[in-house]
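> Here's a structure for you.
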Amino acid sequence: MQAGAVEGSLADGLDGLAIHRVAVHQATGFIVAQLGVSPEQALLRLRAHAFVEARPVNEVARQVVDGTLRFDGGEGAT
Amino acid sequence: MDNRELWLAQTFVELADTLVDDFDVVDFLSLLAGRCQELLAPSEVGFMLADHGGKLRVLAASSERLRLLELFELQNEEGPCFDCYRTSEPILNLSLDAVARRWPRFTNEARTRGFAMAHALPMRLRGRAIGAVNVLQDHDNPIEELEATLMQTMADVATIGILQERAIRQAALLAEQLEGALNTRIAIEQAKGVLAERLGLDLDEVFGRMRRYARDHNRRLVDVAQEVVTGALASDALGPSGSGTRP
Chain A
-17 MQAGAVEGSL ADGLDGLAIH RVAVHQATGF IVAQLGVSPE QALLRLRAHA
33 FVEARPVNEV ARQVVDGTLR FDGGEGAT
Chain B
124 MDNRELWLAQ TFVELADTLV DDFDVVDFLS LLAGRCQELL APSEVGFMLA
174 DHGGKLRVLA ASSERLRLLE LFELQNEEGP CFDCYRTSEP ILNLSLDAVA
224 RRWPRFTNEA RTRGFAMAHA LPMRLRGRAI GAVNVLQDHD NPIEELEATL
274 MQTMADVATI GILQERAIRQ AALLAEQLEG ALNTRIAIEQ AKGVLAERLG
324 LDLDEVFGRM RRYARDHNRR LVDVAQEVVT GALASDALGP SGSGTRP
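Chains as they are written, first to last, in my numbering: chain A, -17 to 60; chain B, 124 to 370.
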């Protein structure tokens, strides 16, 4: 369980993947609200998009927080 | 700062209240960050805690804006917090003009954001730092000895606050406790994103609303954050939407 809330070694699950960043956590929240999915799903969607675009996850995350990238078909949608 | 005695009295009353109620480490440190900010206005303050891999992570700060949190975060590579954490020694009154060669990336980012001077104080436990407090000033008036002492005291109070959640008997328990505090922060960052999206407000505003809600309903901030993320707590319950700008 990676992007859930407090239980478990949340930090351990993410550490090796270099996505333990403020922007990534905030962006996860934005995507949870945009798609109505769990934090785990939201993080997967974020990482998938970064993979497809061949861009660092943190960079994509910042765009989500800035509002220039949305996952729900609004303006600036993926 | 003018009325230092009044500031001290108010700060300690507030901290004591928070420590004896249902204790939440991020709420506690956010309160502390705000108080430190008043002492050295106008400044921004961040509390950084090292995770089990030795990386400094932001636990609380005086502002929730992403750009500020990232400025604290980048000090995992270079910067006053990086040095302070490794040496367990305070770093005071660093004019950012003077340290550009030592910390090129940090200095560039900090100056872009209008900061002129930086300090870092160790959060100490048994002689070693478990993290660092970063203070960024937008003016270059150096802090005096009394203010430096008060800042170190705040750093020590922060350490006590972090360790309050459970009794410590061995190093293993300490590692768990520190990770627990960091996990709390993750839930809060996610909740900020959910609320910013749903309510159309900026990150400082949504964080303030979560804290107020937690206080008004006598709940821990982290529990409120978790419920925001799972949807158990509707965003509307935290007040009306606005048309604020983010982040």
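Where a beta carbon is used, it is the ideal one built from N, C-alpha and C, also for glycine.
Straight-line CA distance for LYS178(B) to LEU356(B)?
By 1-based counting over the second sequence, the position of residue 178(B) is 55. By 1-based counting over the second sequence, the position of residue 356(B) is 233. If I take the Cα positions, the gap works out to 32 Å.
> Mind reading off the beta-carbon distance from ILE13(A) to VAL46(A)? Whole number of angstroms is fine, and I expect it under 8 Å.
Against the first sequence, residue 13(A) aligns to sequence position 31. Against the first sequence, residue 46(A) aligns to sequence position 64. Rounded, the Cβ-Cβ distance is 7 Å, consistent with contact.
> Reducing DSSP to helix, strand and coil, say where ILE214(B) ends up.
As a working mapping, residue 214(B) is identified with position 91 in the second sequence. Three-state DSSP puts ILE214(B) in a strand.
> Counting only the same chain and skipping the five closest in sequence on each side, list residues whose C-beta sits under 7 Å from that of ASP327(B).
Locating residue 327(B) in the second sequence gives position 204, counting from the first residue. Contacts found: SER186, GLU187, ARG188.
> Could you pull the DSSP bridge partners for LEU219(B) from this structure?
Counting from one through the second sequence, the residue named residue 219(B) turns up at place 96. Beta-bridge analysis with DSSP links LEU219(B) to no other residue.
> For the stretch 26 to 43 of chain A, list every residue whose C-beta sits within 8 Å of some C-beta in chain B, in sequence order.
none
> Output the boundary residues of the beta strand (DSSP E) element that contains SER166(B).
Along the second sequence, one-based indexing puts residue 166(B) at 43. Counted as a single uninterrupted DSSP element, the beta strand (DSSP E) harbouring SER166(B) occupies residues 166 to 173.
> Under 8 Å between the Cβ atoms of GLY316(B) and GLY11(A)?
Within the second sequence, residue 316(B) is the residue found at index 193, counting from 1. Within the first sequence, residue 11(A) is the residue found at index 29, counting from 1. Annotated as proximal: GLY316(B) and GLY11(A), with beta-carbon spacing under 8 Å.
> Name the chain B residues whose beta carbon is nearer than 9 Å to that of GLY11(A)?
If you number the first sequence from 1, residue 11(A) lands on position 29. Simply GLU312, GLN313, ALA314, LYS315, GLY316, VAL317, LEU318, ALA319, GLU320, VAL351, VAL352.
> Which bits of chain B does VAL19(A) rub up against, with CB to CB less than 8 Å?
To locate residue 19(A), count along the first sequence from 1; it is residue 37. Those within 8 Å of VAL19(A) in chain B number zero; the least Cβ separation is about 10 Å.
> Locate the beta strand (DSSP E) running through VAL181(B), then write down its first and last residues.
If you number the second sequence from 1, residue 181(B) lands on position 58. Start and end: 179 to 184.
> Compare the C-beta of VAL181(B) with all C-beta atoms of chain A and state if any pair is closer than 8 Å.
By one-based count along the second sequence, residue 181(B) stands at place 58. VAL181(B) counts as touching chain A.
> With DSSP as the reference, label GLY362(B) as helix, strand or coil.
Position 239 of the second sequence, counting from 1, holds the residue named residue 362(B). Correct three-state label for GLY362(B): coil.
> Please classify ILE283(B) as buried or exposed, where buried requires at least 16 other C-beta atoms within 10 Å of its C-beta.
Numbered from 1 along the second sequence, position 160 holds the residue referred to as residue 283(B). Exposed.
> Determine the direct distance from the alpha carbon of VAL19(A) to that of THR272(B), and round the result to whole angstroms.
As a first step, residue 272(B) is located in the second sequence; it is residue number 149 there, counting from the start. As a first step, residue 19(A) is located in the first sequence; it is residue number 37 there, counting from the start. In a straight line, the C-alpha of THR272(B) is about 47 Å away from that of VAL19(A).
> Please say whether ASN126(B) and PHE195(B) have beta carbons closer to each other than 8 Å?
Looking up residue 195(B) in the second sequence gives position 72. Looking up residue 126(B) in the second sequence gives position 3. Not a contact, by the Cβ cut-off of 8 Å.
> With DSSP as the reference, please indicate the residues paired to GLN260(B) in a beta bridge.
If you number the second sequence from 1, residue 260(B) lands on position 137. Answer by DSSP bridge pairing, in chain order: SER166(B), MET240(B).
> In chain B, which residues lie less than 8 Å from GLY16(A) when you measure between Cβ atoms?
What you label residue 16(A) is simply residue 34 of the first sequence in a count that begins at 1. As written in the sequence, residue 16(A) is Gln, which differs from the Gly given in the question. Going along chain B in sequence order, the residues near GLN16(A) (Cβ under 8 Å) are GLU320.
> Can you give me, in chain order, the residues of the stretch 183 to 195 of chain B that have a beta carbon less than 8 Å from any beta carbon in chain A?
LEU189, LEU192, GLU193
> If you measure from the beta carbon of ILE309(B) to each beta carbon in chain A, is any gap under 8 Å?
Within the second sequence, the letter at position 186 stands for residue 309(B). At least one chain A Cβ lies under 8 Å of ILE309(B).
> If we cut at 8 Å on Cβ distances, does GLN23(A) have a partner in chain B?
Position 41 of the first sequence, counted from the first residue, corresponds to residue 23(A). Chain B contact via Cβ: absent.
> Taking CB distances under 8 Å as the criterion, tell me whether THR50(A) reaches chain B.
Position 68 of the first sequence holds residue 50(A). Closer than 8 Å: no.
> Would you report the Cα separation of ARG247(B) and ILE253(B), rounded to the nearest angstrom?
As a working mapping, residue 247(B) is identified with position 124 in the second sequence. As a working mapping, residue 253(B) is identified with position 130 in the second sequence. C-alpha of ARG247(B) to C-alpha of ILE253(B): approximately 6 Å in a straight line.
> From the DSSP output, read off the bridge partner residues of GLY254(B).
Here residue 254(B) refers to the residue found at position 131 when the second sequence is read from its first residue. GLY254(B) pairs with LEU172(B), MET246(B).
> Does the count of Cβ pairs from the stretch 332 to 348 of chain B and the stretch 200 to 215 of chain B closer than 8 Å reach three?
no
> State the CB to CB distance for the pair LEU244(B) and ALA255(B), rounded to an integer number of angstroms; the pair is presumed to be in contact (CB under 8 Å).
As a working note, residue 244(B) is residue 121 in the second sequence. As a working note, residue 255(B) is residue 132 in the second sequence. 7 Å between Cβ atoms; contact.
> Can you give me the Cβ contacts of LEU215(B) inside the same chain, cut-off strictly under 7 Å, excluding the 5 residues immediately before and after it?
Here residue 215(B) is taken as the residue at index 92 of the second sequence, counted from 1. Within the same chain, LEU215(B) has close Cβ partners HIS242, ILE266, ALA271.
> In angstroms, rounded to a whole number, what distance separates the CA positions of ASN231(B) and ALA221(B)?
The sequence position of residue 231(B) within the second sequence is 108, counting from 1. The sequence position of residue 221(B) within the second sequence is 98, counting from 1. Computed Cα separation, rounded: 12 Å.
> Would you say GLN45(A) reaches chain B, if we count a Cβ-Cβ gap shorter than 8 Å as a contact?
By one-based count along the first sequence, residue 45(A) stands at place 63. Chain B, which has no Cβ nearer than 8 Å to the Cβ of GLN45(A), makes this no.
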